[in-house]
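Asks: Here our numbering is used: the first residue of the sequence shown is 761, the next is one more, and so on. The C-beta atom is built at its ideal place from N, Cα and C for all residues, glycine as well. Let me give you the structure first, and then I'll get to my questions.
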Amino acid sequence: VTFMEGERLLFIISGCFSAMACVVAFVQALLHLRNYNNPTQQRLILRLLLMIPVYAINSWLGIFMKEYAIYLNTLRNCYEAFVIYNFFTYLMEICGGREELVAELTLMPPKKCLLPLCCCSFKPGVAWLRTCRQGTLQYVYIQVLTTVAALILNFFHLLEEGVFDPTKGYLYIMIINNASVLVAMYYLVLFYHVASDKLQPHRPFLKFCVVKAVVFFSFWQSVAVAVLA
């Protein structure tokens with residue numbers, strides 16, 4: 761198999777898998793739209809489902825449009841941050857909404873934080889819920905800011921993606937993004953831990969695992985690919 765034939769085969773195979781992923785997402789979205797009985801929750805679910813074609817098309821185009829990969833990844837990263845915040849909002853909605861959730865949280869006794877802050881405790885309530893929301897939302901702002909910074913640095917040839925050189929911007933953007941996503945996921949896990957009884961009837965655990973896996977795997981995959989490139 762020649763190099764050109766291999767490229768063509770890769771184009772076809774990756775395109776087929778991307779198309780299948782988009783079809784699955786489209787069917788799921790269509791089913792929700794045909795049974796649009798709970799707009800508040802289903803609107804959020806549709807936003808989460810849109811993550812599938814965004815990732816699939818981005819990955820497919822990124823293979824053959826390497827010179828535009830940073831711009832494609834910019835769109836993906838911004839939507840990824842948007843998805844995490846929407847997932848947190850979705851968890852609150854299936855708990856009955858903010859008012860009902862706050863009413864139940866205020867009746868709970870103080871709880872301990874999760875590792876690595878297990879020596880600390882907190883009282884569930886309005887302030888704690890606001891902290892969880894802000895802890896998740898900060899990732900949206902950080903991701904947008906670091907994405908813009910990466911575009912600017914790349915324009916001036918100061919990014920050097922995959923190069924862990926302290927004189928280049930990639931190392932610092934990676935550290936900031938990683939710290940931000942860790943904070944966001946910590947607050948998501950903490951919220952899930954506290955509201956687990958309320959969430960259990962809706963069985964969101966697998967959805968939670970998928971969102972968590974997508975965020976972490978995509979981040980470290982992009983780092984690994986950038987290093988190996």
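For the structure I just gave you, are there three or more beta carbon pairs, one from the region 845-855 and one from the region 892-909, closer than 8 Å?
Replies: Touching, per the Cβ criterion.
Asks: Count the other C-beta atoms from every protein chain shown that fall within 10 angstroms of the C-beta of residue 800, then say buried if there are 16 or more, exposed otherwise.
Replies: Exposed, since its Cβ has fewer than 16 Cβ neighbours within 10 Å.
Asks: Evaluate residue 754 with the Cβ neighbour count: other Cβ atoms within 10 Å of its Cβ, from every protein chain shown; 16 or more gives buried, anything less gives exposed.
Replies: The shown model of the chain, from 761 to 989, leaves out residue 754, and the question about it has no answer.
Asks: Any contact between the region 917-929 and the region 812-824? By contact I mean 3 or more CB pairs, one from each, below 8 Å.
Replies: No: the two stretches stay apart, fewer than three of their Cβ pairs being nearer than 8 Å.
Asks: Nearest to residue 861 by alpha carbon, out of 874, 872, 889?
Replies: Per the Cα distances, 889.
Asks: Give me, in chain order, the residues of the same chain whose beta-carbon lies closer than 8 Å to that of residue 946; leave out the 5 immediate sequence neighbours on both sides.
Replies: Correct list, in chain order: 874, 895.
Asks: Span of the alpha helix (DSSP H) holding residue 939?
Replies: Counting along the chain, the alpha helix (DSSP H) containing residue 939 begins and ends at 930-954.
Asks: Within 10 angstroms of the Cβ of residue 778, are there 16 or more other Cβ atoms? Answer buried if so, exposed if not.
Replies: Looking at its Cβ environment, which holds 16 or more other Cβ atoms inside 10 Å, residue 778 is buried.
Asks: Quick one: what's got a C-beta closer than 8 Å to residue 805's C-beta in the same chain, skipping five residues either side?
Replies: Counting only Cβ-Cβ distances below 8 Å, and skipping sequence neighbours, we find 792, 850.
Asks: Strictly under 8 Å for the Cβ-Cβ distance: is residue 875 near chain D by that measure?
Replies: No chain D is part of this structure, which consists of one protein chain only.
Asks: Of all the alpha helix (DSSP H) runs that stay within the bounds of the region 782-823, which reach a length of 4 or more residues?
Replies: The region 782-823 contains these whole alpha helix (DSSP H) runs: 799-809.
Asks: Using only the alpha-carbon positions, how far apart do residue 808 and residue 937 sit?
Replies: Spanning the two alpha carbons is a distance of roughly 21 Å.
Asks: Going by beta carbon distance, what residues of the same chain come within less than 8 Å of residue 839, once the five residues before and after it are set aside?
Replies: Same-chain partners within the cutoff: 810, 811, 814.
Asks: Mind reading off the beta-carbon distance from residue 919 to residue 929? Whole number of angstroms is fine, and I expect it under 8 Å.
Replies: Between residue 929 and residue 919 the Cβ distance is about 5 Å, and since that is below 8 Å, they are a contact.
Asks: Should residue 795 be labelled buried (16 or more other beta-carbon atoms within 10 Å of its own) or exposed?
Replies: Per the 10 Å Cβ criterion, exposed.
Asks: Can you grab the Cα-Cα spacing for the pair residue 767 / residue 845, in whole Å?
Replies: The alpha-carbon atoms of residue 767 and residue 845 are separated by roughly 37 Å.
Asks: Using C-beta distances below 8 Å, list every residue in its chain close to residue 784, excluding the 5 sequence neighbours before and after it, in chain order.
Replies: 812.
Asks: Taking only three categories from DSSP, how would you classify residue 883?
Replies: Looking at residue 883 - three-state DSSP - the assignment turns out to be coil, as it is neither helix nor strand.
Asks: In the DSSP assignment, find the alpha helix (DSSP H) that holds residue 963 and state where it starts and stops.
Replies: Careful: residue 963 lies outside any alpha helix (DSSP H) and carries neither H nor E.
Asks: Hey, out of 867, 912, 885, whose CA is closest to residue 830's CA?
Replies: Closest by alpha carbon: 912.
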